[in-house]
Amino acid sequence: MPSKISLIASIIRRLTTSEVPRMRIIPLPALSDNYMYLLIDEETKNAAIVDPVDVPSILSNVKSHDVQLTAALVTHHHYDHAGGTADLSAAYGGKLPIYAGDARVAKMTKKVVDNDKLKVGNLDITCIFTPCHTSGHICYYVTHNGEKAVFTGDTLFIGGCGRFFEGTAEEMDAALNKKLGSLPDETVIFNLEKQVLLETYI
Numbered sequence: 001m002p003s004k005i006s007l008i009a010s011i012i013r014r015l016t017t018s019e020v021p022r023m024r025i026i027p028l029p030a031l032s033d034n035y036m037y038l039l040i041d042e043e044t045k046n047a048a049i050v051d052p053v054d055v056p057s058i059l060s061n062v063k064s065h066d067v068q069l070t071a072a073l074v075t076h077h078h079y080d081h082a083g084g085t086a087d088l089s090a091a092y093g094g095k096l097p098i099y100a101g102d103a104r105v106a107k108m109t110k111k112v113v114d115n116d117k118l119k120v121g122n123l124d125i126t127c128i129f130t131p132c133h134t135s136g137h138i139c140y141y142v143t144h145n146g147e148k149a150v151f152t153g154d155t156l157f158i159g160g161c162g163r164f165f166e167g168t169a170e171e172m173d174a175a176l177n178k179k180l181g182s183l184p185d186e187t188v189i190f191n192l193e194k195q196v197l198l199e200t201y202i
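Numbering (UniProt numbering), first residue to last: 1 to 202.
Put into structure tokens, the structure is as follows:
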């Protein structure tokens, strides 16, 4: 019987090699130990970038995948997750919607709160407020035609959770067990730490 780790790796490979009919999720390496994610609605070719850091990589991948970037989704304000928002905004003439839950994110155009609803093409996105690692941390739950994914930033890793920089153990417990823990079992989790993701292949 395959281990839980090998099953997770299989799911990640399936999603990141575009076998999902409508929702495509492409991991983009960033800095030394992170991933950004290009989230694509294959029906409309609209896309969002999750946690933009490396703007040249984002622009190159938007072009090579022939998609229209319509939003940036930022999980929290730390540089390794939001360090490219100002340059990305400038690249789009200040017109790209940049969603976050914290005013410390540069060039944020809309502050989102728990249960806010967004759209990227035909993909439905629900904002999940998960304070603790930072006080304004947001996870993004994406659904379409039965496919379900969640981008957890530094709230949830495969091997644990993020540090309690701006919150309490009680807040992390609520984020993990009451909020993320209530998502459907078939939801695929995408965190933003490269090392953790690579460990799923061991």
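Glycine is no exception: its CB is placed at the ideal position from the N, C-alpha and C atoms.
Between leucine 31 and valine 53, the C-beta spacing is below 9 Å.
Here histidine 77 has Ala100, Asp102, Arg104, Val105, Thr134, Gly136 as same chain residues with Cβ atoms under 8 Å from its own Cβ, once five neighbours each way along the sequence are excluded. If you draw a straight line from the Cα of serine 57 to the Cα of lysine 45, it comes to about 18 Å. Within the same chain, and ignoring the five residues on either side of valine 55 in sequence, the residues whose Cβ sits closer than 8 Å to its Cβ are Gly84, Asp87, Leu88, Ala91. Linking threonine 168 to glycine 181 through their CA atoms gives a straight-line distance of about 18 Å. If you draw a 10 Å sphere on the C-beta of arginine 163, you find fewer than 16 other C-beta atoms in it, and that means exposed. When the beta-carbon positions are compared, phenylalanine 190 and phenylalanine 129 stay at least 9 Å from each other.
Going by beta carbons, valine 113 and valine 142 fall outside the 9 Å limit.
The beta carbons of cysteine 127 and asparagine 115 sit closer together than 9 Å. The DSSP assignment places complete beta strand (DSSP E) segments of no fewer than 3 residues inside the UniProt domain "Metallo-beta-lactamase" (33–192) at 34–41, 46–50, 68–73, 98–100, 117–120, 123–129, 138–144, 147–153, 188–191, in order along the chain. Rounded to whole angstroms, the separation of the alpha carbons of glutamate 166 and methionine 23 is 33 Å. DSSP places leucine 28 in the strand class (E or B) of the three-state scheme.
Taking tyrosine 140 as reference, the option from Ile125, Glu147, Asn34 with the minimal CA-CA separation is Ile125. Across the set Asp66, Met108, Asp80, the C-alpha of Asp80 shows the shortest separation from the C-alpha of aspartate 33. Burial state of aspartate 154 is buried, judged by a 10 Å Cβ sphere holding 16 or more other Cβ atoms.
Taking C-alpha positions only, asparagine 122 is separated from glutamate 170 by approximately 35 Å. Taken atom to atom, the span from the alpha-carbon of alanine 72 to that of valine 50 is near 6 Å.
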